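**Q** Handing you a structure now.
Numbering (this note's numbering), first residue to last: 40 to 538.
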């Protein structure tokens, strides 16, 4: 009898240890440079930030008798890179709770179409045990064209296919490195206000801004930081359209500031937290930015900065980093009471109702897969939404640029809107999340453009809010029915998570 009791105790101990081991959170970070190689140099003779074959001068750096540019994305076409200010990065994290393993890749690119994302997932070794991988673009307007919309002309893509192949390999290598770096971790969360001296501006009415910083911190038992996920909504474009140097812009300064410290000309102003920082772009439809006439204050230089520049991007990125560092030292990060991971994702079929995007897709300028229908809209597109529960936090993957009023409320039906209807995207998304902290990630697993409330859709005059010309968002949106469908699908994922 005594031996039976002894054996039962041993068995119970083994099961208990196994359960504890299985529920132990592990995390691993990694980062790789994804800066493209520049072969040819060129001089912008007429100072229009566009390469004009008949005006501008160039040097054949690789002796192949043709101009080999890196076309920069996000503003005008023909913007060829002249140099590199700082490296573009792919940052990866792998998080494992003993039952579920997920990976997130964040890359300093304008956007990544779902066809490319699926190709990345297909090439990930099955032996790595990844249950789900989110591929995110920071929406960087100061790096290479990865969608095709910013080439030398309307009829020619700006994508370099050899660069895209290297990008895919770098993503997978970064994930593999993150897996190799997996180690036990504790997780804490913070909702951090931004500095009012570095505000976000909403460039389209109604003025609704989702402007808090949402942060997840992973640390070792000794308190040292392994890495962090930082979610914030602003267009990564503060050096603006005349910049011809590749840079990670505001996202890069935030990452370096949080991890390495805030530096001005090699002088350390404030120590960082250590570890690796991964930026996740938040809700930026509308559009959320600090534009070429918007002032921000630089406390180190002790002056207001208005003109777009690397200096402005540095001031803004470091302001965000400073808020995060201060929140850490103030004890504002709250430990997560649980560490389990669950993932729900779903395909979503969207109609392409935008004629120009339809044409660009049919011509192969935008490299993606289409479905066709006998009924309008005749061109259909499969995208994806995701809902990840990570302890007391959640991460929502949104395939485009969400107007903040869909997230936090404030949708209107202004005079001049194309549809006289009540708001369709209700209730607001943030009111539905059960977790203590929610990260909403735009440009996740796809790049479908703006996601505009249907009751604010304005493609035909008269223009809303008395505007004198067409509002910008509709030009780069799939259509007026995109937002209601995405809102409905996300709500469904949230409801399913509560069952």
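We put the beta carbon where it would ideally sit given N, CA and C, even for glycine.
These numbers come from a predicted model, not from an experiment.
Roughly how many whole angstroms lie between the Cα atoms of residue 340 and residue 412?
**A** So the two alpha carbons sit approximately 58 angstroms from each other.
**Q** How is residue 259 classed by DSSP in three states: helix, strand or coil?
**A** Reduced to three states, the DSSP call for residue 259 is coil.
**Q** Would you call residue 468 buried or exposed, if buried means 16 or more other Cβ atoms sit within 10 Å of its Cβ?
**A** buried
**Q** DSSP on residue 152, reduced to helix/strand/coil?
**A** coil
**Q** Going by C-alpha distance, which of 284, 132, 289, 323 is nearest residue 256?
**A** 132
**Q** What residues in its chain sit with their C-beta under 6 angstroms from that of residue 53, if we drop five residues either side in the sequence?
**A** Low confidence applies here, because residue 53 scores a pLDDT of 37, under 50, leaving its location unreliable; read the following figure in that light. Hits under 6 angstroms: none found.
**Q** Assign residue 365 to buried or exposed, taking buried as 16 or more other Cβ atoms, counted over all protein chains shown, within 10 Å of its Cβ.
**A** The residue in question, residue 365, is exposed, as its Cβ has fewer than 16 Cβ neighbours within 10 Å.
**Q** For residue 314 and residue 299, I'd like the C-alpha separation in whole angstroms.
**A** 8 angstroms
**Q** Can you tell me whether residue 528 is helix, strand or coil according to DSSP?
**A** Helix at residue 528.
**Q** Using 10 angstroms around the beta-carbon of residue 420, count the other beta-carbons present and answer buried if the total reaches 16, otherwise exposed.
**A** buried
**Q** Classify residue 96 as helix, strand or coil using the three-state DSSP reduction.
**A** strand
**Q** Could you name each continuous beta strand (DSSP E) segment of 3 residues or more that falls completely within the stretch 374–461, going from the start of the chain to the end?
**A** 380–390, 418–429, 432–436
**Q** How about residue 278 and residue 181: do their beta carbons lie closer than 8 angstroms?
**A** yes
**Q** Check whether the Cβ of residue 439 lies closer than 7 angstroms to any heavy atom of the ligand ZN, and answer yes or no.
**A** As far as ligands go, the structure on display features none, and thus does not contain the ligand ZN.
**Q** So what's residue 84 in DSSP terms, helix, strand or just coil?
**A** coil
**Q** Rounded to a whole number of angstroms, what is the C-alpha to C-alpha distance between residue 94 and residue 108?
**A** 16 angstroms
**Q** Which ranges would you report for the alpha helix (DSSP H) in the stretch 136–186 if only whole runs of at least 4 residues count?
**A** Within the stretch 136–186, the complete alpha helix (DSSP H) runs of at least 4 residues fall at 153–162.
**Q** Which runs of the alpha helix (DSSP H) spanning at least 4 residues fall entirely within the stretch 253–315, listed in chain order?
**A** 288–299
**Q** Alpha carbons only, please: which of 380, 83, 91 is nearest the one belonging to residue 283?
**A** 83
**Q** Would you mind giving the Cβ-Cβ distance between residue 268 and residue 424, rounded to the nearest angstrom? I have them listed as a contact below 8 angstroms.
**A** Not confirmed; about 19 angstroms, so no contact.
**Q** Identify whether residue 212 lies in helix, strand or coil by the three-state DSSP scheme.
**A** helix
**Q** Taking contact to mean 3 or more Cβ pairs, one atom from each stretch, closer than 8 angstroms, check whether the stretch 391–405 and the stretch 177–197 are in contact.
**A** Judged by Cβ distances under 8 angstroms, the stretch 391–405 makes contact with the stretch 177–197, as three or more pairs qualify.
**Q** On the CB-based measure, 16 or more other CB atoms within 10 Å of its CB, does residue 521 come out buried or exposed?
**A** buried
**Q** Between the alpha carbons of residue 245 and residue 251, how many angstroms are there, rounded?
**A** 18 angstroms
**Q** Per DSSP, residue 110 forms a beta bridge with which residues?
**A** 119
**Q** To which residues does DSSP link residue 320 through a beta bridge?
**A** Answer is 271, bridged to residue 320.
**Q** First and last residue of the beta strand (DSSP E) that includes residue 362?
**A** Unbroken run through residue 362 is the alpha helix (DSSP H), 349–368; no beta strand (DSSP E).
**Q** Go to residue 478, then tell me how far its beta strand (DSSP E) extends in each direction, as first and last residue.
**A** It spans 476–480 - the beta strand (DSSP E) in which residue 478 sits, taken as one unbroken run.
**Q** Could you check the C-alpha separation between residue 428 and residue 203 for me, to the nearest Å?
**A** Taking the straight line from one Cα to the other gives about 31 angstroms.
**Q** Could you give the distance in angstroms between the alpha-carbon of residue 461 and the alpha-carbon of residue 129?
**A** 41 angstroms
**Q** In whole angstroms, what separates the C-alpha of residue 458 from that of residue 500?
**A** 12 angstroms
**Q** Taking Cβ to Cβ, would you say residue 535 is nearer than 8 angstroms to residue 475?
**A** Their beta carbons are not under 8 angstroms apart, which means residue 535 does not touch residue 475 by this criterion.
**Q** Quick one: give me the first and last residue of the beta strand (DSSP E) that residue 67 is part of.
**A** 65–72
**Q** My understanding is that residue 329 touches residue 335, with C-beta atoms under 8 angstroms, so please give their C-beta distance in whole angstroms.
**A** Their Cβ separation, rounded to whole angstroms, is 6 angstroms, which keeps residue 329 and residue 335 in contact under 8 angstroms.
**Q** Any idea what DSSP makes of residue 229, helix, strand or coil?
**A** strand
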